[in-house]
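Protein chains in written order, with our numbering: chain H, 26 to 203; chain X, 6 to 266. C-beta: ideal position from N, C-alpha, C; glycine also. As the structure is a prediction and not an experimental result, all values here were calculated from the model.
As structure tokens, this is what we get:
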């Protein structure tokens, strides 16, 4: 083996990364080039975070960082130390998330489901920030999450329903069941 | 689609950061919303990455009432720029333009300094800085220098920023007498602009700054009342094809309208 080839096959050094995910700090050992999305999926087993385009366009890998939607494919895990990371697994007990899930179900706001975790987290952040329930506003907030199945209309309707419930002051934004 | 290996550095002071910039094939990591996609595609393969997110004091938004000047740190996120009360009060046109950058998730992470150093010709902020007559603080081991936005941008993704320099702050003197208009044309919400324009009206003079029209933002001076005719003439040479000329024209006309023709 030549010296050059040898250098190429040298094992990459891993660094310790301490991540606060869903309220728990976990330490993993990964090369510093690992993206947060990959650490979440392949080291922490949190597979609700989907990896679509890996270039920040599709929004499938959306997580909440300090409560705000962020692309986990555009953030190195090492650079995410010290930030409060929330994945969909971390909010499953949140009544507002459950209201969104039910609304998505009722309105047929998903087909293949690939974009759904990202959509739900973005929508949850909208509910928490009490974004106005105007269709145009909802579309703008959701514009960073691509869906290739639904044509968006049903997603907008589902999110609008929960936002309207929040407007009315219903507990945890849960709409009355039909 | 995974980045090539690199060594990650996390300086805690600006001095430490600029000392690291001397490393071979070194890049600064701010919000990473342009750099990381480039690295994921391996279009950019830095060997050293200097994460400046841990540097103290670079995320400030400060108003100096005596000088009538707004000072913005390089780490101010786009979403902060779009919503901060001081920006909205003193430079509403900048807040409006920042709201057009990417999507919510991009704006929550992307930074002012990163966008300026990246110098994408279709980006909102470089042109905003040229239109506003901003100046940038560039720090290196040998000290700091201030550069006007108009001189900072050299061309396509090219600035006067030296390899060992870090853009740390932006200062904008606010002209209370100016009236502003902004307009951007993009195919979809959050896309980079096909064309965009800032119009600043002071008395009978309008300064129009375009982005997405040439390799870097540029400004033309127009006389109020004759702006439309003058635009036609400028665009004959400024934009390369018929469609680009139309986009540039529509962006300019709408920006002019908003500034009050």
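Taking 8 Å as the CB-CB limit, is residue i close to chain X?
i: residue 33 of chain H; result: Low per-residue confidence applies at residue 33 of chain H: pLDDT is 47, beneath 50, and the placement is therefore not dependable, though the value from the model is reported in the following sentence. Residue 33 of chain H does not count as touching chain X.
i: residue 45 of chain H; result: no
i: residue 80 of chain H; result: yes
i: residue 62 of chain H; result: no
i: residue 41 of chain H; result: no
i: residue 207 of chain H; result: Only positions 26 to 203 of chain H appear in this structure, which leaves residue 207 of chain H out of reach.
i: residue 125 of chain H; result: no
i: residue 206 of chain H; result: In the structure displayed, chain H extends from 26 to 203; residue 206 of chain H sits before or after that span and is not available.
i: residue 103 of chain H; result: yes
i: residue 65 of chain H; result: no
i: residue 37 of chain H; result: yes
Using the Cα positions of residue i and residue j, report the straight-line distance between them to the nearest angstrom.
i: residue 192 of chain H; j: residue 105 of chain X; result: 26 Å
i: residue 138 of chain H; j: residue 111 of chain X; result: 22 Å
i: residue 7 of chain X; j: residue 60 of chain H; result: 8 Å
i: residue 165 of chain X; j: residue 51 of chain X; result: 20 Å
i: residue 87 of chain H; j: residue 62 of chain H; result: 9 Å
i: residue 200 of chain X; j: residue 126 of chain X; result: 10 Å
i: residue 72 of chain H; j: residue 175 of chain X; result: 41 Å
i: residue 142 of chain H; j: residue 119 of chain H; result: 14 Å
i: residue 73 of chain X; j: residue 140 of chain X; result: 14 Å
i: residue 26 of chain H; j: residue 38 of chain H; result: With a pLDDT of 38 at residue 26 of chain H, under the threshold of 50, the modelled position of that residue is not reliable, and the figure given next carries that caveat. So the alpha carbons of these two residues sit roughly 21 Å apart.
i: residue 14 of chain X; j: residue 155 of chain X; result: 32 Å
i: residue 176 of chain H; j: residue 156 of chain H; result: 22 Å
i: residue 129 of chain X; j: residue 38 of chain X; result: 14 Å
i: residue 65 of chain H; j: residue 25 of chain X; result: 30 Å
i: residue 9 of chain X; j: residue 165 of chain H; result: 34 Å
i: residue 64 of chain X; j: residue 121 of chain X; result: 15 Å
i: residue 194 of chain H; j: residue 187 of chain H; result: 11 Å
i: residue 224 of chain X; j: residue 218 of chain X; result: 11 Å
Counting only beta-carbon separations shorter than 8 Å, does residue i have a partner in chain H?
i: residue 13 of chain X; result: yes
i: residue 16 of chain X; result: no
i: residue 179 of chain X; result: no
i: residue 187 of chain X; result: no
i: residue 7 of chain X; result: yes
i: residue 10 of chain X; result: yes
i: residue 195 of chain X; result: yes
My understanding is that residue i touches residue j, with C-beta atoms under 8 Å, so please give their C-beta distance in whole angstroms.
i: residue 280 of chain X; j: residue 136 of chain X; result: The question about residue 280 of chain X has no answer, for chain X in this structure spans 6 to 266.
i: residue 57 of chain H; j: residue 11 of chain X; result: 7 Å
i: residue 82 of chain X; j: residue 36 of chain X; result: 7 Å
i: residue 140 of chain H; j: residue 84 of chain H; result: 7 Å
i: residue 117 of chain X; j: residue 77 of chain X; result: 6 Å
i: residue 113 of chain H; j: residue 145 of chain H; result: 6 Å
i: residue 169 of chain X; j: residue 55 of chain X; result: Not really, about 11 Å apart at Cβ, beyond 8 Å.
i: residue 42 of chain H; j: residue 55 of chain H; result: 6 Å
i: residue 114 of chain X; j: residue 99 of chain H; result: 7 Å
Under 8 Å between beta-carbons, which chain A residues line up against residue i? List them in chain order, please.
i: residue 87 of chain H; result: Among the protein chains in the structure shown, which are H and X, there is no chain A.
ask   = What residues in the segment 105-118 of chain X have a beta carbon less than 8 Å from any beta carbon of chain H?
value = Correct list: 107, 108, 109, 110, 111, 113 and 114.
Exercise. Scan the segment 27-39 of chain X for residues whose Cβ lies nearer than 8 Å to a Cβ of chain H and list them as they occur along the chain.
Key: Under the 8 Å Cβ criterion, the segment 27-39 of chain X contributes 34, 37 and 38.
Check your understanding: Going along the chain, which unbroken runs of the alpha helix (DSSP H) with 4 or more residues stay wholly within the segment 160-185 of chain H?
Key -> Taking 4 residues as the shortest admissible run, the segment 160-185 of chain H contains the following complete alpha helix (DSSP H) segments, listed from N- to C-terminal end: 160-166.
| message | Give me the subset of the segment 173-186 of chain H whose CB atoms are less than 7 Å from a CB atom of chain X, sorted by chain position. | response | Cβ contacts with chain X come from no residue of the segment 173-186 of chain H.
What residues in the segment 149-172 of chain H bring their beta carbon closer than 7 Å to a beta carbon of chain X? Listed in chain order, the positions of the segment 149-172 of chain H with a beta carbon within less than 7 Å of a beta carbon of chain X are 165, 166, 168 and 169.
Beta strand (DSSP E) segments (min. 3 residues) lying fully within the segment 68-143 of chain H: Runs of the beta strand (DSSP E) inside the segment 68-143 of chain H: 87-90, 93-96 and 109-111.
Exercise for review: Pick out the complete alpha helix (DSSP H) segments inside the segment 65-145 of chain X, 4 residues or longer, and give them in chain order.
Suggested key: Here the runs fully enclosed are 83-88, 90-95, 97-103, 109-112, 117-123 and 129-137.
Next item on the list: Can you give me, in chain order, the residues of the segment 49-60 of chain X that have a beta carbon less than 9 Å from any beta carbon in chain H?
Entry: From the segment 49-60 of chain X, only 54, 56, 58 and 59 have a Cβ closer than 9 Å to chain H.
Check each residue of the segment 81-105 of chain X: if its Cβ is closer than 7 Å to any Cβ of chain H, include it; give the result in chain order. Against chain H - using a Cβ distance shorter than 7 Å - the segment 81-105 of chain X contributes no residues.
If you scan the segment 164-228 of chain X from start to end, which runs of the beta strand (DSSP E) of 3 or more residues do you find wholly inside it? Complete beta strand (DSSP E) runs here, min 3: 171-178, 184-190, 200-207, 210-216 and 223-228.
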